[in-house]
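Data block below; observations after.
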Amino acid sequence: MKLPRVGEVPDFIDKCADYQRQVLFFLLCSFILWGSMYFFLSQKGDLYMVEVNGLEVGLLANEEELEEILCTLESEAAEYYGRPARVAEEVVAKKVFLPLREGEPEKVFAQLHNMLSYKVAAKMVIVNGKEVLPLNSEEDVDLLHEMVASAFIPKEENVLLKNVETAEKVTTRDGFYYPEEICDPETLASVLLRGTDRKETYLVSRGDSLWKIARDYSLSVDGLKEANPQLNGEKLQIGDEINLIVPEPMVNVFTVERLIVKEKIPFETRYCYDDSLWKLQSKIVEEGKPGVKEIEYQITRENGKEISREIVTQKVIAEPEPQLVAKGTSDIPSKGTGNFLWPVQGGGRITSNYGWRGSGFHAGVDIGAGKNTPVLAADSGVVVYEGWDGGYGNTIVIFHGYYYTRYGHNSQNKVSSGQAVSRGQVIASMGSTGRATGCHLHFEVRTGGIYGTTINPLSFFSP
Ligand SMILES: [Zn+2]
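Going by the numbering used here, the residue at position 356 of the sequence shown is 783; the numbering climbs one at a time, nothing skipped.
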């Protein structure tokens with residue numbers, strides 16, 4: 428074998444190196460080609476930037492990771508609030524083209540945990556299609572209905588609430604709301620009934636009037652009255668608390684009540700006749716007794732104000748018992764007999780005559796006797812006056828059908844008005860009541876009325 432000379436590349440080596448170079452070149456090209464293909468392929472859709480309301484938070488490998496994180500956070504919140512919760516902010520994962528990096532799920536979780544707030548499941552109360560405020564639960568919705576109704580529940584024992592309805596349609600819709608915007612049923616009831624849960628009151632002091640308060644607070648007097656149904660008319664008492672918020676109810680509550688009351692049934696009066704009584708007289712033989720009926724009313728009210736009242740049932744519990752009255756039939760002599768009995772027991776003595784005297788006209792005759800001497804009815808008749816009669820003092824007037832006899836200055840009257848008396852009956856005791864000098868009976872005879880024409884009493888007695 429011939430050794431190559433120095434500086435001469437043997438043929439086979441030359442051929443071999445050529446081949447190696449070609450292989451190396453080929454491998455290099457492949458590496459670059461596959462490498463860049465791998466690089467580009469590995470970038471496609473593999474990383475996601477998480478954004479909260481447009482703010483970048485961190486990278487995740489895929490959208491499912493975000494779903495998982497949100498799901499975990501929402502269940503944590505649900506546990507905290509005790510009901511379904513949803514993330515309030517808008518959280519999105521956007522596909523990004525960045526040099527290859529690892530996803531950072533722990534960092535994203537921690538960030539979101541700090542940043543996010545939650546809305547929780549609640550019931551939005553809707554009045555006539557308009558959202559008012561959300562309540563926590565179905566139980567709260569029931570409570571709200573109860574509170575709205577109870578605002579107008581009658582306090583009286585004999586009133587039964589049959590129905591409560593609002594004129595407006597009150598519905599609810601399920602939704603998610605910030606916990607702090609969820610209302611309690613009491614506040615919402617106040618909002619529905621008064622248009623607000625705001626309270627502003629004014630304490631009445633001396634010299635206040637509804638008109639003055641209305642002017643000072645730019646309200647109308649009618650508005651003030653509406654806001655204060657507890658006020659009795661326009662009168663204010665010092666210390667009264669006046670509500671300054673005029674209600675603008677969002678709901679009008681119609682209540683139907685049943686009111687059961689007992690009412691009296693008046694008794695009728697029946698008459699019988701009794702010849703032992705004068706025609707002028709009557710007396711109760713049997714006392715009447717009113718009956719009792721139970722009436723059931725149906726009362727409809729709008730926001731507590733009565734708008735209608737109907738009788739539903741009426742039931743008689745006790746029938747009335749009629750009153751029986753005896754009417755006198757005996758004729759009083761149309762002309763008095765004029766046959767009078769001397770009206771003072773034991774006679775007495777005449778102390779002043781009928782007619783003109785120094786102090787004026789004396790309409791009767793004065794008969795003096797000892798104190799409490801019995802005074803007698805001069806004839807049968809009916810007592811038409813018994814009582815105090817000015818200067819006459821204790822007085823009795825008896826009607827005898829035509830004549831009237833008067834007995835004045837008595838210490839005590841012993842018969843009463845309407846009573847029949849017989850001739851000679853003791854009707855009084857002699858005294859000196861009224862304008863009298865000494866103990867005596869002032870005895871008068873008149874016709875045409877108890878203050879009719881006077882006649883000298885002595886003309887009826889023969890000396
Ligand atoms: Zn007299």
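In this text, a Cβ means the ideal position worked out from N, Cα and C, and glycines have one as well.
Values in this document were obtained by computation on a predicted structure and should not be read as measured data.
I'd like the list of long-range same chain contacts for residue i, defined as Cβ closer than 6 Å, with 5 residues on each side in sequence excluded.
i      : result
GLN839 : SER856
GLU592 : PHE681
THR822 : ASP816, GLY835
GLU737 : GLN725
GLY765 : PHE887
GLY718 : ILE692, ALA745, GLU746, PRO747
ASN883 : TYR781
ASP445 : none
Report yes if the C-beta of residue i is less than 7 Å from at least one heavy atom of ligand 2; otherwise report no.
i      : result
HIS827 : Here the bound small molecules are ligand 1; ligand 2 is not part of this structure.
Check the C-beta distance from residue i over to residue j and give it rounded, since I have them as a contact under 8 Å.
i      : j      : result
GLU748 : LYS716 : 4 Å
VAL853 : PRO801 : 4 Å
VAL554 : VAL484 : About 40 Å; that fails the 8 Å criterion.
GLY504 : TYR475 : Correcting the residue identity first, residue 504 is Ala in this sequence and not Gly. Contact doesn't hold; Cβ gap of about 23 Å is too wide.
ILE794 : VAL810 : That pair is no contact at about 20 Å.
VAL602 : MET677 : Contrary to the premise, residue 602 reads as Gly rather than Val in this sequence. So it is not a contact: roughly 19 Å between Cβ atoms.
LEU487 : ALA520 : 6 Å
ARG833 : GLY791 : 7 Å
VAL743 : LYS589 : Contact doesn't hold; Cβ gap of about 24 Å is too wide.
THR628 : GLU653 : That pair is no contact at about 15 Å.
In the DSSP assignment, what residue or residues form a beta bridge with residue i?
i      : result
ALA753 : CYS699, LYS710
ASN724 : According to the sequence as given, residue 724 is Tyr; it is not Asn. DSSP output for TYR724 lists LEU686, ILE738 as bridge partner(s).
ILE553 : GLU558, THR598
MET542 : Looking at the DSSP assignment, MET542 forms no beta bridge with any residue, so it has no partner.
GLN449 : DSSP lists no partner for GLN449.
ASN590 : VAL683
GLY485 : VAL477
ASN837 : ASN821
ILE692 : GLY718
ILE669 : TYR629
ALA855 : VAL802, ASN840
PHE536 : BP columns for PHE536 are empty, so no partner.
Considering only residues of the same chain and omitting the five flanking positions on each side of residue i, which have a CB-CB separation below 7 Å?
i      : result
ALA863 : GLY820, HIS836
HIS540 : LEU500
ILE877 : VAL811, TYR812, VAL824, TYR831
GLU687 : A small correction: the amino acid at residue 687 is Ile; Glu does not occupy that position in the sequence shown. ASN585, GLU721, GLU723.
GLY622 : PRO674, GLU675, PRO676, MET677
Could you name the residues of the same chain whose beta carbon sits closer than 8 Å to that of residue i, not counting the 5 residues immediately before and after it, in chain order?
i      : result
THR880 : ARG873, THR874
HIS789 : SER779, ASN780, TYR781, GLY782, TRP783
PRO656 : GLY731
ARG633 : ILE665
ASN480 : GLU516, GLU517
GLY650 : ALA641, VAL673
Exercise. At which residue ranges does the segment 767-818 contain complete beta strand (DSSP E) runs of 3 or more residues, listed in the order of the chain?
Worked result: 776-779, 782-784, 787-789, 792-795, 801-803, 808-815
For this session: Taking 6 Å as the limit, tell me which residues put their C-beta closer than that to any heavy atom of ligand 1, in chain order.
Result: SER779, HIS789, GLY791, ASP793, HIS869
Problem set entry | Whole beta strand (DSSP E) elements within the segment 857-889, 3-residue minimum | 867-874, 880-882
Problem set entry | Inside the segment 611-665 only - alpha helix (DSSP H) runs reaching at least 4 residues | 612-621, 637-643, 648-654
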